[in-house]
Amino acid sequence: MAKGILIYAQTDRNGILQNVVLELAKTAQDLSQKLDNCEINAILFTDGTNLEENKNILSKNGFNKVYIANSLKLKQYSTEYYSKITVDLIKNITPEIFLIGATTQGRELAPVVATTLNTGLTADCTKLDINEKGQLASTRPTFGGNLMATILCKNYPQMATVRPKVLKKAENEIIKNTEFIELDFDLSTIEKHVELVEFIENKQLADVRIDEAEIIVAGGKGMKNQQGFELLQELAQVLGGSVGASRGAVDMKLADSSIQVGQTGKTVVPKIYIACGISGAIQHTVGMSGSDKIIAINKDKNAPIFKVADVGIVGDVFEILPKLINKLKG
Amino acid sequence: MKIAVCVKQVPDTADIKWTENNTIQREGLESIINPFDMYALETALKLKDREQNVNITTLTMGPPQAEEIIRKAISLGIDDGFVVTDKKFAGADTAATGRTLAAAIKEKIKEVDLILCGQFATDGDTAQTGPAISVNLNYPVITYVKEILSVENNIATVKKEVEDGTEILKVKLPAVLCMLKCDYEPRRPLIKGFKNAQKAEIKFYGLNDIGLEVEQVGIKGSPTYVSKAFRPEQKQGGEIFVPDNADDAVNKILEALNG
Ligand SMILES: Cc1cc2nc3c(=O)[nH]c(=O)nc-3n(C[C@H](O)[C@H](O)[C@H](O)COP(=O)(O)OP(=O)(O)OC[C@H]3O[C@@H](n4cnc5c(N)ncnc54)[C@H](O)[C@@H]3O)c2cc1C
Ligand SMILES: Nc1ncnc2c1ncn2[C@@H]1O[C@H](COP(=O)(O)O)[C@@H](O)[C@H]1O
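These protein sequence lines are chains A and B, in that order. Residue 240 in our numbering is what sits at position 240 of the first sequence, and the numbering runs on without skipping anything. Residue 85 in our numbering is what sits at position 85 of the second sequence, and the numbering runs on without skipping anything.
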């Protein structure tokens, strides 16, 4: 019998637990209520770094059991190692549902695990629920954001990757007397074909990572040139936010493709998104329309960006932005 | 070196129209090669440009009309290609698609060193097919690949883009790589390419050619199914403000930032 919900407790390069884990934990509480209050468990990979802190956080976020794979060999993420250990655990504890954050790591690990277990996986979901038959109902955007689909799964575990920052974390602590279980595993039997040679940290236009920023100042072709993007960078700095770009701006080499927002770039959900000189093509808006508040500045009053903007300003970015920056600084 | 590139024909999502019943109007929707697959093709062609003895095959699973995109790939310089097509493949999710493509590669290409996919298809947007192919063939996979830096002694060195930066990874071949939008533009076909594409004999393979059972493919072989599809809530645009001057605009923005 499949039972319980398992969550992939992803940590970053410094062993810090990712926010999406806590978002999943809260959603799992809601799902569990509809599944006879089933257990909510996690699998955590670690080399020991930050382990006590992470255990502490997990027990304040309502986890019943945390399965820990602890080895110096697990310091670097490896799909080959991580998937093998995850698959073995799932075969052993047979969860009903397995949830993973839709990060670059999660979106590589999840399909490998799902295919190995011969089960189904719904990608990059924005909403999870339990239907009247007790099945996991995963809802996600498709067709470049033009269509939403709710997807069910015939096999166990029912798996989904879930987009970060869309679901909310718990407001209060949900303290559990969490049981921590050290996993036994043997990595020597696994042939590792992929090796990390080097990691180069991203030199983004701002100090804040675009996928974590609460405020994003994004520019399009309307920012015209490098000086235009320097204005955005200055504004992002005073606001403590990050800079984003449309594909138009990336194609003009005004910004690096790593900060492109949209269908072929990143999906972002900041509290505030300021779109400057961006026309608002569907391929762009699909990546930012989930933002809490959208402010758009465009000199064309018919620009489609105004259809998604909460506050639309018809005007010239080169007149408005310098004044705005001055006022914020002053 | 033998490279297989998986390409998918997708509707141009820039051009979606709705029927009265809130379903997507598929007639008249133009089909294109999935934009990410264009980068997979270009990456394969770049390897062919700089290395000796590279042979590239491209394949797609889809209706017979998908032949069109195989010809397009050949016009760009890909050596040959085939369509994996059968009514029994209809309704496949990524698990069934991955299994079908993996079986087709194994049966029809045999010794392959590198399989290139796009990172996402713009219609399904799941990013799961490449990894599913890799597991079926028992090959390693790397996703979010920006560039192949080198292939030497059966080892590929690649650049992968992640949230906090770039990873340089080495992978032992054969392997599956899923390509992001690269920093280079895909090439355009030459006249010679068009001629090759016209002449090329495109093969079609069905279920019986790839050694799978009917329960393993299409809707029967798919663990997931769509229970409901609906149009997303349309966001209502807010107020549009035409300020008298820049100071007015600034005040309005400050108000919005604080509110
Ligand atoms: C398959 C596919 C995938 C795509 N993926 C993406 C994606 O991920 N992200 C993305 O962004 N795009 C994507 N696109 C491209 C998208 O369709 C648009 O072409 C692109 O978003 C346009 O960029 P833009 O708004 O910067 O440029 P434009 O459309 O040229 O708009 C520039 C705007 O700036 C305004 N402007 C000009 N000067 C000023 C000024 N001084 N002050 C104020 N406003 C000014 C103009 O009125 C105009 O509205 C994709 C396209 C395809 C086909
Ligand atoms: N039907 C298909 N035929 C060939 N390749 C496919 C097919 N579906 C998906 N792919 C490949 O898998 C990639 C990811 O697609 P998806 O998992 O649907 O987002 C695509 O960019 C293609 O390279």
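Idealized CB from N, CA, C, for every residue including glycine. Predicted model, so just to flag it, every value in this text is computed and none were measured.
- Task: Please name the residue in Ile105/B, Tyr39/B and Val10/B whose C-alpha comes closest to that of glycine 28/B.
- Result: As a position in the second sequence, residue 28/B is number 28, starting the count at 1. That would be Val10/B, whose Cα lies nearest to the Cα of glycine 28/B.
- Cutoff 8 Å: tyrosine 225/B Cβ touching any chain A Cβ: In the second sequence, the residue the question calls residue 225/B occupies position 225. For tyrosine 225/B, the answer is yes, since a Cβ of chain A falls inside 8 Å of its Cβ.
- Item | Coarse secondary structure for aspartate 251/A, derived from DSSP in three states | Taking the first sequence and counting its residues from 1, the one referred to as residue 251/A is at position 251. Looking at aspartate 251/A - three-state DSSP - the assignment turns out to be helix.
- Taking C-beta to C-beta, are valine 7/B and arginine 99/B nearer than 8 Å? Position 7 of the second sequence holds residue 7/B. Position 99 of the second sequence holds residue 99/B. For valine 7/B and arginine 99/B, no; Cβs fall outside 8 Å.
- Taking the C-alpha atoms as reference points, what is the distance between lysine 160/B and asparagine 245/B? In the second sequence, counting from the first residue as 1, residue 160/B sits at position 160. In the second sequence, counting from the first residue as 1, residue 245/B sits at position 245. Lysine 160/B and asparagine 245/B: Cα-Cα distance of roughly 46 Å.
- Cβ-based neighbour list, alanine 249/A, same chain, cut-off 7 Å, excluding 5 preceding and 5 following: Counting from one through the first sequence, the residue named residue 249/A turns up at place 249. Taken in chain order, the residues that qualify are Gly219, Gly220, Lys221, Met223 and Ala255.
- Task: Could you tell me whether any non-hydrogen atom of ligand 1 is closer than 7 Å to the CB of aspartate 123/B?
- Result: Residue mapping note: residue 123/B aligns to position 123 of the second sequence, counting from 1. False, no ligand heavy atom lies under 7 Å from that Cβ.
- Task: Sort Asn50/A, Ser291/A, Ile175/A and Glu96/A by Cα distance to leucine 167/A and report the nearest one.
- Result: Here residue 167/A refers to the residue found at position 167 when the first sequence is read from its first residue. Checked all of Asn50/A, Ser291/A, Ile175/A and Glu96/A; the closest Cα to leucine 167/A is Ser291/A.
- Item | Cutoff 8 Å: phenylalanine 241/B Cβ touching any chain A Cβ | Position 241 of the second sequence holds residue 241/B. Taking Cβ atoms only, chain A reaches closer than 8 Å to phenylalanine 241/B, which makes this a yes.
- Item | Helix, strand or coil at isoleucine 90/A according to DSSP, with G and I counted as helix | Residue 90/A sits at position 90 when you count from the first residue of the first sequence. Three-state DSSP puts isoleucine 90/A in a helix.
- Task: Inspect the beta-carbon positions of isoleucine 325/A and glutamate 234/A and report whether they are closer than 8 Å.
- Result: Numbered from its first residue, the first sequence carries residue 325/A at position 325. Numbered from its first residue, the first sequence carries residue 234/A at position 234. The answer is yes: Cβ separation under 8 Å.
- Message: Quick check: the region 257-269 of chain A against the region 299-316 of chain A, are at least 3 beta-carbon pairs closer than 8 Å?
- Response: no
- Near threonine 122/B, which residues of its chain fall below 7 Å by C-beta distance, leaving aside the five closest residues on each side in sequence? Numbered from 1 along the second sequence, position 122 holds the residue referred to as residue 122/B. Counting only Cβ-Cβ distances below 7 Å, and skipping sequence neighbours, we find Val10, Thr13, Asn34 and Pro35.
- Work out the CA separation of threonine 60/B and aspartate 47/A for me, nearest whole Å. Locating residue 47/A in the first sequence gives position 47, counting from the first residue. Locating residue 60/B in the second sequence gives position 60, counting from the first residue. Aspartate 47/A and threonine 60/B: Cα-Cα distance of roughly 42 Å.
- What is the C-beta distance between glutamate 39/A and asparagine 70/A, in whole angstroms, given that I count them as a contact (C-beta under 8 Å)? If you number the first sequence from 1, residue 39/A lands on position 39. If you number the first sequence from 1, residue 70/A lands on position 70. Glutamate 39/A to asparagine 70/A, Cβ: 21 Å. No contact.
- Item | Cβ-based burial, tyrosine 184/B [other Cβ within 10 Å; buried from 16] | In the second sequence, counting from the first residue as 1, residue 184/B sits at position 184. So tyrosine 184/B ends up on the exposed side.
- Query: In whole angstroms, what separates the C-alpha of glutamine 226/A from that of glutamine 283/A?
  - Reply: On the first sequence, position 226 is the one that residue 226/A refers to. On the first sequence, position 283 is the one that residue 283/A refers to. Cα-Cα distance, rounded: 23 Å.
- Task: Give the residues from the region 129-156 of chain A that approach chain B closer than 9 Å (Cβ to any Cβ), ordered along the chain.
- Result: Asn131, Gln135, Ala137, Ser138, Thr139, Arg140, Pro141, Thr142, Phe143, Gly144, Gly145, Asn146, Leu147, Met148, Ala149, Thr150, Ile151, Leu152, Cys153, Lys154 and Asn155
- Message: Do leucine 101/B and valine 148/B have their beta-carbon atoms positioned less than 8 Å apart in this structure?
- Response: Your numbering for residue 148/B matches position 148 in the second sequence. Your numbering for residue 101/B matches position 101 in the second sequence. Checking the sequence, you will find isoleucine at residue 148/B rather than valine. No, the Cβ-Cβ distance between isoleucine 148/B and leucine 101/B is not below 8 Å.
- beta-carbon glycine 287/A near ligand 1 non-hydrogen atom, thresh 7 Å: The sequence position of residue 287/A within the first sequence is 287, counting from 1. Yes, ligand 1 has a heavy atom inside 7 Å of this Cβ.
- Do the region 79-97 of chain B and the region 120-134 of chain A meet, that is, are 3 or more Cβ pairs less than 8 Å apart? yes
- Give a single yes or no on whether asparagine 344/A has its beta carbon closer than 7 Å to a heavy atom of ligand 1. Any answer about residue 344/A is impossible in this case: the structure gives chain A only from 1 up to 330.
- Message: If the cut-off is 8 Å on Cβ atoms, which residues from the region 41-55 of chain A count as contacting chain B, listed in chain order?
- Response: none
- Item | Within 7 Å of chain B by C-beta, residues of the region 197-229 of chain A in sequence order | Val197, Glu198, Phe199, Ile200, Glu201, Asn202, Arg209 and Asp211
- Task: Indicate whether tyrosine 82/A and leucine 109/A have their beta-carbon atoms separated by less than 8 Å.
- Result: Taking the first sequence and counting its residues from 1, the one referred to as residue 82/A is at position 82. Taking the first sequence and counting its residues from 1, the one referred to as residue 109/A is at position 109. Contact flag set, yes.
- Message: Within 10 Å of its beta-carbon, does alanine 175/B have 16 or more other beta-carbons around it, so buried, or fewer, so exposed?
- Response: In the second sequence, the residue the question calls residue 175/B occupies position 175. The residue is buried, with at least 16 neighbouring Cβ atoms inside 10 Å.
- Local Cβ density within 10 Å of arginine 247/A, reported as buried at 16 or more and exposed below that: The count along the first sequence starts at 1 and reaches residue 247/A at position 247. Counting Cβ neighbours within 10 Å, arginine 247/A comes out buried, since at least 16 surround it.
- So is threonine 97/B in contact with chain A if we call contact Cβ pairs under 8 Å? Taking the second sequence and counting its residues from 1, the one referred to as residue 97/B is at position 97. Chain A, which has no Cβ nearer than 8 Å to the Cβ of threonine 97/B, makes this no.
- Message: Between which residues of its own chain and alanine 197/B is the CB-CB distance below 8 Å, once the five residues before and five after are set aside?
- Response: For the purposes of this step, residue 197/B is identified with residue 197 of the second sequence, where counting begins at 1. So the qualifying residues of the chain are Arg71, Lys72, Ile74, Ser75 and Pro189.
- Query: For glutamine 10/A, which residues of its own chain have a beta-carbon under 8 Å away from its beta-carbon, when the five flanking residues on both sides are left out?
  - Reply: In the first sequence, the residue the question calls residue 10/A occupies position 10. Leu17, Gln18, Val20, Val21, Ile100, Gly101, Thr103, Gln105 and Gly106.
- Message: Would phenylalanine 82/B and phenylalanine 204/B qualify as a contact pair, given that the criterion is a beta-carbon distance under 8 Å?
- Response: The count along the second sequence starts at 1 and reaches residue 82/B at position 82. The count along the second sequence starts at 1 and reaches residue 204/B at position 204. Yes, the pair counts as a contact, with Cβ atoms nearer than the cut-off.
- Please name the residue in Ser150/B, Ile109/B and Pro63/B whose C-alpha comes closest to that of lysine 87/B. Taking the second sequence and counting its residues from 1, one reaches residue 87/B at position 87. Nearest of Ser150/B, Ile109/B and Pro63/B to lysine 87/B, Cα basis: Pro63/B.
- Task: Give the DSSP-derived three-state secondary structure of glutamate 191/A in the structure shown.
- Result: Your numbering for residue 191/A matches position 191 in the first sequence. Residue state, collapsed to three classes: coil.
- Name the chain A residues whose beta carbon is nearer than 9 Å to that of isoleucine 16/B? Position 16 of the second sequence holds residue 16/B. By Cβ distance, chain A contributes Phe143, Gly144, Asn146, Leu147 and Ile282.
- Residues of chain A with a CB under 9 Å from the CB of glutamate 167/B: which are they? Sequence index remark: in the second sequence, residue 167/B carries index 167 (1-based). Ordered by position in chain A, the residues that pass the 9 Å Cβ test against glutamate 167/B are Leu196, Val197, Glu198, Phe199 and Ile200.
- Distance, Cα to Cα, leucine 51/A vs isoleucine 181/A? Counting from one through the first sequence, the residue named residue 51/A turns up at place 51. Counting from one through the first sequence, the residue named residue 181/A turns up at place 181. So the alpha carbons of these two residues sit roughly 13 Å apart.
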